[in-house]
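Asker: Provided herewith is a single structure, encoded as structure tokens, for subsequent inquiry.
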Amino acid sequence: KRPKAHLTAKPTPPQSGPGKPSLQWEDHLGIAFTEDGMKYEDGSLVIPRNGDYFVYAQVTFRASLREENKGKQQIQHVSQCVTRMARGYPEPSEILSGSKSFNETGNWYETIYLGAAFQLREGDKLFVNVTDLALVDFYKDHKTFFGAFAL
Numbered sequence: 004k005r006p007k008a009h010l011t012a013k014p015t016p017p018q019s020g021p022g023k024p025s026l027q028w029e030d031h032l033g034i035a036f037t038e039d040g041m042k043y044e045d046g047s048l049v050i051p052r053n054g055d056y057f058v059y060a061q062v063t064f065r066a067s068l069r070e071e072n073k074g075k076q077q078i079q080h081v082s083q084c085v086t087r088m089a090r091g092y093p094e095p096s097e098i099l100s101g102s103k104s105f106n107e108t109g110n111w112y113e114t115i116y117l118g119a120a121f122q123l124r125e126g127d128k129l130f131v132n133v134t135d136l137a138l139v140d141f142y143k144d145h146k147t148f149f150g151a152f153a154l
């Protein structure tokens with residue numbers, strides 16, 4: 004059996020503190036699951052054993068401009084990253100990141116998908132950070148998701 008998980012976005016309350024806010028995830032309702040030792044706890048996937056894993060995350064950002072701002076060009080910048088907290092290391096490290104900047108004059112949607120293979124160790128924790136929680140589309144399972152599986 005190979006550890007695997009697919010998590011879907013869960014509305015996340017605003018957070019204070021340094022750094023980019025971390026998303027919260029659904030791990031068993033709808034299309035979400037964790038299997039064969041993979042666990043979800045406190046916003047992170049916990050790797051059950053040493054090995055090679057494919058890690059992926061997609062975040063859809065969206066905004067509705069207020070009527071008085073429609074037609075005015077606005078520069079937007081959004082980003083997401085997958086961060087690894089390794090056991091025995093005090094500082095987390097970004098293992099995947101992506102960002103987009105664009106000019107919009109009306110309502111907009113932008114999606115960032117990240118994915119790559121990594122050597123991970125038992126007890127590593129993976130979580131997803133974004134620039135602005137208020138812009139994340141939490142309402143469709145297929146728009147914002149996060150997962151990993153052993154190779």
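Just so you know, we're using my numbering here: the sequence shown kicks off at 4 and counts up by one. For glycine and all other residues, C-beta sits at the position ideal for the given N, C-alpha and C.
Can you tell which of 66, 150, 56, 107 has the C-alpha that lies nearest to the C-alpha of residue 78?
Answerer: Sequence index remark: in the sequence shown, residue 78 carries index 75 (1-based). Ranking the options by Cα distance to residue 78, first place goes to 107.
Asker: What separation, rounded to the nearest whole angstrom, lies between the Cα atoms of residue 131 and residue 121?
Answerer: Counted from its first residue, the sequence shown places residue 131 at position 128. Counted from its first residue, the sequence shown places residue 121 at position 118. C-alpha separation (whole angstroms): 16 Å.
Asker: Just mark residue 145 as buried or exposed, buried being the case when its beta carbon has 16 or more other beta carbons within 10 Å.
Answerer: By 1-based counting over the sequence shown, the position of residue 145 is 142. The residue is exposed, with fewer than 16 neighbouring Cβ atoms inside 10 Å.
Asker: Can you tell me the Cα-Cα spacing of residue 61 and residue 81, whole angstroms?
Answerer: On the sequence shown, residue 61 is found 58 positions in, with the first residue counted as 1. On the sequence shown, residue 81 is found 78 positions in, with the first residue counted as 1. Rounded to whole angstroms, residue 61 to residue 81 spans 13 Å at the Cα level.
Asker: By a C-beta neighbour count over all protein chains shown, 10 Å radius and 16 as the cutoff for buried, is residue 127 buried or exposed?
Answerer: Residue 127 sits at position 124 when you count from the first residue of the sequence shown. Buried, since its Cβ has 16 or more Cβ neighbours within 10 Å.
Asker: Would you kindly work out how many angstroms separate the C-alpha atoms of residue 150 and residue 117, rounded to a whole number?
Answerer: Sequence index remark: in the sequence shown, residue 150 carries index 147 (1-based). Sequence index remark: in the sequence shown, residue 117 carries index 114 (1-based). Their Cα atoms are separated by approximately 11 Å.
Asker: In angstroms with no decimal places, state the Cα-to-Cα distance between residue 43 and residue 64.
Answerer: If you number the sequence shown from 1, residue 43 lands on position 40. If you number the sequence shown from 1, residue 64 lands on position 61. The straight-line gap from Cα to Cα measures roughly 23 Å.
Asker: Considering residue 105, what are the terminal residues of the beta strand (DSSP E) in which it resides?
Answerer: In the sequence shown, residue 105 corresponds to position 102, counting from 1. Where residue 105 is concerned, the enclosing beta strand (DSSP E) stretches over 96-107.
Asker: Since residue 119 is in the beta strand (DSSP E), which residue starts that stretch and which ends it?
Answerer: If you number the sequence shown from 1, residue 119 lands on position 116. Per DSSP, residue 119 belongs to the beta strand (DSSP E) from 111-123.
Asker: Considering only the alpha carbon of each residue, which of 57, 36, 66, 30 lies closest to residue 46?
Answerer: The sequence position of residue 46 within the sequence shown is 43, counting from 1. Looking at the Cα atoms, 30 is the closest of the given residues.
Asker: Just mark residue 112 as buried or exposed, buried being the case when its beta carbon has 16 or more other beta carbons within 10 Å.
Answerer: The sequence position of residue 112 within the sequence shown is 109, counting from 1. So residue 112 counts as exposed.
Asker: Just how far apart, CA to CA, sit residue 97 and residue 26?
Answerer: Translated into the one-based positions of the sequence shown, residue 97 becomes position 94. Translated into the one-based positions of the sequence shown, residue 26 becomes position 23. Taking the straight line joining both Cα atoms gives about 15 Å.
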